[in-house]
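Peer 1: First, the structure itself, so that you have it in front of you.
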Amino acid sequence: MKLVPIILCGGAGTRLWPVSRESMPKPFIRLANGRSLLQSTAERVIGLDGIVQLAVVTNVAYSYKVVEDLAAANLPHPLTLLLEPEGRNTGPAIALAALWARREYGEDCMLLVLPADHLIQDPAAFRQACGGAIDLAATGRLVTFGITPTGPDPAFGYIEWGKALPTARAFAVERFVEKPTRDAAQQYLRAGNFVWNSGMFCFTARACLDGLGEHAPDVLNAARTTFEAAGTTQSGAGQITFDAAAFKAQPNISIDYALMERAGNVGLIACDIGWSDVGSWKAVSDAHAPDEQGNAAVGPALLMGSRNTFVRAQDRFVAALGVENLVVVDTPDALLVAHKDASQQVKDVVAHLKKAGSLVAIEHATVHRPWGSYTVLTEGDGFKVKRIEVKPGASLSLQLHHKRSEHWVVISGTAHVTRGEETVELGANQSTYIPVGVKHRLANRGTAPLEIVEVQCGSYVGEDDIERFSDVYGRVKGEVRA
Numbered sequence: 011m012k013l014v015p016i017i018l019c020g021g022a023g024t025r026l027w028p029v030s031r032e033s034m035p036k037p038f039i040r041l042a043n044g045r046s047l048l049q050s051t052a053e054r055v056i057g058l059d060g061i062v063q064l065a066v067v068t069n070v071a072y073s074y075k076v077v078e079d080l081a082a083a084n085l086p087h088p089l090t091l092l093l094e095p096e097g098r099n100t101g102p103a104i105a106l107a108a109l110w111a112r113r114e115y116g117e118d119c120m121l122l123v124l125p126a127d128h129l130i131q132d133p134a135a136f137r138q139a140c141g142g143a144i145d146l147a148a149t150g151r152l153v154t155f156g157i158t159p160t161g162p163d164p165a166f167g168y169i170e171w172g173k174a175l176p177t178a179r180a181f182a183v184e185r186f187v188e189k190p191t192r193d194a195a196q197q198y199l200r201a202g203n204f205v206w207n208s209g210m211f212c213f214t215a216r217a218c219l220d221g222l223g224e225h226a227p228d229v230l231n232a233a234r235t236t237f238e239a240a241g242t243t244q245s246g247a248g249q250i251t252f253d254a255a256a257f258k259a260q261p262n263i264s265i266d267y268a269l270m271e272r273a274g275n276v277g278l279i280a281c282d283i284g285w286s287d288v289g290s291w292k293a294v295s296d297a298h299a300p301d302e303q304g305n306a307a308v309g310p311a312l313l314m315g316s317r318n319t320f321v322r323a324q325d326r327f328v329a330a331l332g333v334e335n336l337v338v339v340d341t342p343d344a345l346l347v348a349h350k351d352a353s354q355q356v357k358d359v360v361a362h363l364k365k366a367g368s369l370v371a372i373e374h375a376t377v378h379r380p381w382g383s384y385t386v387l388t389e390g391d392g393f394k395v396k397r398i399e400v401k402p403g404a405s406l407s408l409q410l411h412h413k414r415s416e417h418w419v420v421i422s423g424t425a426h427v428t429r430g431e432e433t434v435e436l437g438a439n440q441s442t443y444i445p446v447g448v449k450h451r452l453a454n455r456g457t458a459p460l461e462i463v464e465v466q467c468g469s470y471v472g473e474d475d476i477e478r479f480s481d482v483y484g485r486v487k488g489e490v491r492a
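Each position in the sequence shown, counted from 1, maps to that position plus 10 in this note's numbering.
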């Protein structure tokens with residue numbers, strides 16, 4: 011048996027704002043143990059028998075971050091990235107992954123489909139459940155993982171199971187239920203044969219593709235067209251980039267609607283694995299052990315005379331006095347204070363910010379790029395000041411700006427600077443000036459990180475004032491970010 015875990019890594023960055031943003035969604039959030047949800051997802055499957063390769067389906071804009079995170083995880087298996095130009099939900103993502111896996115390992119290879127943004131606190135129980143799911147999927151069934159409910163939560167979808175199947179804790183699926191009312195959820199809890207829909211699946215490539223061909227041929231046909239038009243690159247991990255024009259034909263549909271709710275051969279593994287979809291700040295709070303007053307904190311924080319309150323502090327010290335049932339999340343450029351019962355409404359804040367054109371919904375104060383990162387220190391009318399860090403061996407694109415000049419001062423490391431027709435190396439405490447309209451590039455050819463301070467001056471200092479001429483990350487066409 012050849013096993014291929016398929017990790018779905020995406021998201022809009024809305025439910026855990028301000029820590030998650032559109033440019034840095036939930037899979038990349040660091041947990042209290044310092045690991046991202048993506049890293050934890052990949053590390054969780056280590057030890058399963060038969061793994062031949064891992065695949066991650068993600069947006070092309072996140073490819074460098076996925077490679078970084080999983081390189082730090084030191085996984086023993088090869089990795090392939092399946093890169094989407096835009097999100098089209100889990101139906102097309104899984105269809106494309108199944109087509110790729112069938113081409114690489116045959117139609118009987120086993121797919122274990124896992125969202126990258128879930129928290130599972132009992133990895134041993136998870137691996138045991140995976141073993142049962144693999145056994146059940148080997149009989150030709152489409153298998154989903156059902157989570158034993160801990161309460162009547164209307165935020166989750168539910169699955170009703172029927173007759174028991176030969177595999178341990180395996181049942182035939184009777185029906186899927188979209189997020190119910192609280193009263194209905196209470197009835198399901200009393201019935202005893204309903205579980206939460208986890209969004210994790212297991213099936214062979216054959217069962218998945220045959221099922222899509224029968225129940226959602228539009229999804230399968232669009233996936234085939236997109237897959238045949240894909241290009242392949244190598245960048246530490248194998249990368250398959252799906253053509254943007256072909257991808258637009260993909261229906262926007264979940265695998266639940268496209269396949270699982272329509273098929274008649276669906277089974278589930280009921281499991282208790284300490285699962286959370288980390289879908290709100292209340293869920294994050296519930297994942298942390300509280301003190302005697304029900305409080306929990308991450309980072310430099312103090313809670314006095316407070317009850318049932320969660321604080322996540324990043325750089326600044328946060329003190330909470332005499333408060334109850336709150337979530338307080340502090341980042342360098344945004345602060346969230348919410349009642350726990352309102353934590354599901356954070357996405358409405360993000361929608362408001364986007365409508366107002368605020369970048370706080372899109373990016374952090376520190377913005378990550380394939381070459382490193384930059385932090386906006388201050389800005390005003392006609393100027394912006396950044397701290398720029400460039401990884402060893404990395405370089406920015408060869409570019410120019412039409413409305414601003416730039417002054418660079420090296421803080422540490424060695425900068426290899428292209429300015430017009432000249433190149434120069436600058437060390438700490440040395441500087442250069444880039445006039446308006448002059449082609450330039452910043453590179454770090456050393457083995458240590460390069461840090462500079464950049465002062466921009468001009469009539470317009472927006473990130474979209476950039477014209478690229480060459481770029482090692484393939485961002486010359488269409489991309490406007492630095």
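Ideal Cβ placement from N, Cα and C applies to all residues, glycine included.
Could you tell me how far apart the beta carbons of V400 and L452 are, in whole angstroms, since I believe they sit closer than 8 Å?
Peer 2: Indeed, because the Cβ distance is near 6 Å, the residues count as touching under 8 Å.
Peer 1: Taking the C-alpha atoms as reference points, what is the distance between D481 and L406?
Peer 2: C-alpha separation (whole angstroms): 7 Å.
Peer 1: Just list the residues that DSSP pairs H298 with in beta bridges.
Peer 2: For H298, which the question treats as bridged, DSSP gives no partner whatsoever.
Peer 1: Once you ignore the five residues that flank L58 on each side, which residues in its own chain have a CB closer than 7 Å to its CB?
Peer 2: Once the five neighbours on either side are set aside, the close Cβ partners of L58 are L13, R137, C140.
Peer 1: If you drop the 5 nearest sequence neighbours on each side, which residues of the same chain put their C-beta closer than 8 Å to that of V471?
Peer 2: Within the same chain, V471 has close Cβ partners E389, G392, F393, K394, K413, R414.
Peer 1: Tell me which residue opens and which closes the alpha helix (DSSP H) that W381 is part of.
Peer 2: It is not in any alpha helix (DSSP H) - W381 carries neither H nor E in the DSSP assignment.
Peer 1: Buried or exposed for H374, please, with buried defined as at least 16 other CB atoms from any protein chain shown within 10 angstroms of its CB.
Peer 2: Result: buried.
Peer 1: S125 by DSSP, collapsed to three states: which one?
Peer 2: With the sequence shown as reference, residue 125 is identified as Pro, and Ser is not the correct amino acid for it. Correct three-state label for P125: strand.
Peer 1: Which residues bound the beta strand (DSSP E) around G480?
Peer 2: One point to set straight first is that residue 480 is Ser, not Gly, in the sequence displayed. From DSSP, the beta strand (DSSP E) with S480 extends over 477-480.
Peer 1: Please give the ranges of any beta strand (DSSP E) in the segment 240-269, keeping only runs that are unbroken, at least 3 residues long and fully inside the region.
Peer 2: If we require 3 residues or more, the beta strand (DSSP E) runs fully inside the segment 240-269 come out as 241-245, 247-251.
Peer 1: Identify, in the order they occur along the chain, each residue of the same chain with its Cβ nearer than 8 Å to the Cβ of V448, setting aside the five sequence neighbours on each side.
Peer 2: These residues qualify, in order along the chain: L410, R429, G430.
Peer 1: Could you pull out every residue in the same chain whose Cβ sits closer than 7 Å to the Cβ of I372, ignoring the five residues on either side in sequence?
Peer 2: Hits under 7 Å: R31, E32, S33.
Peer 1: Since F211 contacts L109 with CB under 8 Å, what's their CB separation in whole angstroms?
Peer 2: About 16 Å; that fails the 8 Å criterion.
Peer 1: Run through the segment 112-194 for me and flag every whole beta strand (DSSP E) of 3 or more residues, listed as ranges in chain order.
Peer 2: As far as the segment 112-194 is concerned, its whole beta strand (DSSP E) runs of at least 3 residues are 120-125, 152-157, 168-174, 180-187.
Peer 1: Taking only the alpha-carbon atoms, compute the straight-line gap between R113 and L336 and give it to the nearest angstrom.
Peer 2: Their backbone Cα atoms lie some 50 Å apart in a straight line.
Peer 1: Find the nearest neighbour of D287 within the set A404, P176, G403, G167, judged by alpha-carbon distance.
Peer 2: Minimum Cα distance to D287 is reached at G167.
Peer 1: Less than 6 Å between C-beta atoms, sequence neighbours within five positions excluded: which residues of the same chain meet that for P445?
Peer 2: S415, listed in sequence order.
Peer 1: Could you check if Y443 is buried or exposed, using at least 16 other CB atoms within 10 Å of its CB as the buried criterion?
Peer 2: Per the 10 Å Cβ criterion, exposed.
Peer 1: Could you give the DSSP three-state label for D6: helix, strand or coil?
Peer 2: No answer is possible for residue 6: the residues shown for the chain start at 11 and end at 492.
Peer 1: Using DSSP with H/G/I as helix, E/B as strand and the rest coil, what is I39?
Peer 2: In the structure shown, I39 sits in coil (DSSP, three-state: anything other than H, G, I, E or B).
Peer 1: In angstroms, rounded to a whole number, what distance separates the CA positions of N203 and P310?
Peer 2: Their Cα atoms are separated by approximately 43 Å.
Peer 1: How would you call D340, buried or exposed, if buried means at least 16 neighbouring beta carbons within 10 angstroms?
Peer 2: Its Cβ being crowded by 16 or more others within 10 Å, D340 is buried.
Peer 1: Quick one: Cα of V419 to Cα of I476, how far?
Peer 2: Straight-line Cα distance between these residues: approximately 21 Å.
Peer 1: Leaving out five residues on either side along the sequence, give the residues of the same chain with a beta carbon under 8 Å from the beta carbon of D296.
Peer 2: S286, listed in sequence order.
Peer 1: Within a Cβ cutoff of 6 Å, which residues of the same chain sit near D79, ignoring the five residues on either side of it in sequence?
Peer 2: Hits under 6 Å: S46, L48, Q49.
Peer 1: Going by DSSP in three states, K396 sits in which element: helix, strand or coil?
Peer 2: K396 falls in the strand class under three-state DSSP.
Peer 1: Measure the C-alpha to C-alpha separation of W171 and R151 and round it to an integer number of angstroms.
Peer 2: W171 and R151: Cα-Cα distance of roughly 14 Å.
Peer 1: Does DSSP put L26 in a helix, a strand or coil?
Peer 2: Coil.
Peer 1: Between which two residues does the alpha helix (DSSP H) holding E94 run?
Peer 2: Not the alpha helix (DSSP H): E94 falls in the beta strand (DSSP E), residues 89-94.
Peer 1: Suppose you measure from the CA of L93 to the CA of G304; what does that come to, to the nearest Å?
Peer 2: If I take the Cα positions, the gap works out to 42 Å.
Peer 1: Pick out whichever of P133, I104, G241, I144 has its Cα sitting closest to the Cα of G209.
Peer 2: The candidate whose alpha carbon is nearest that of G209 is I104.
Peer 1: If I follow the unbroken beta strand (DSSP E) through V14, where does it start and stop?
Peer 2: It spans 13-19 - the beta strand (DSSP E) in which V14 sits, taken as one unbroken run.
Peer 1: Where R192 and G161 are concerned, what is the direct C-alpha to C-alpha distance, given to the nearest angstrom?
Peer 2: Rounded to whole angstroms, R192 to G161 spans 10 Å at the Cα level.
Peer 1: Alpha carbon to alpha carbon, what distance is there between V321 and V328?
Peer 2: Cα to Cα, V328 sits roughly 8 Å from V321.
Peer 1: Determine the direct distance from the alpha carbon of E432 to that of K36, and round the result to whole angstroms.
Peer 2: Between K36 and E432, the C-alpha separation is close to 43 Å.
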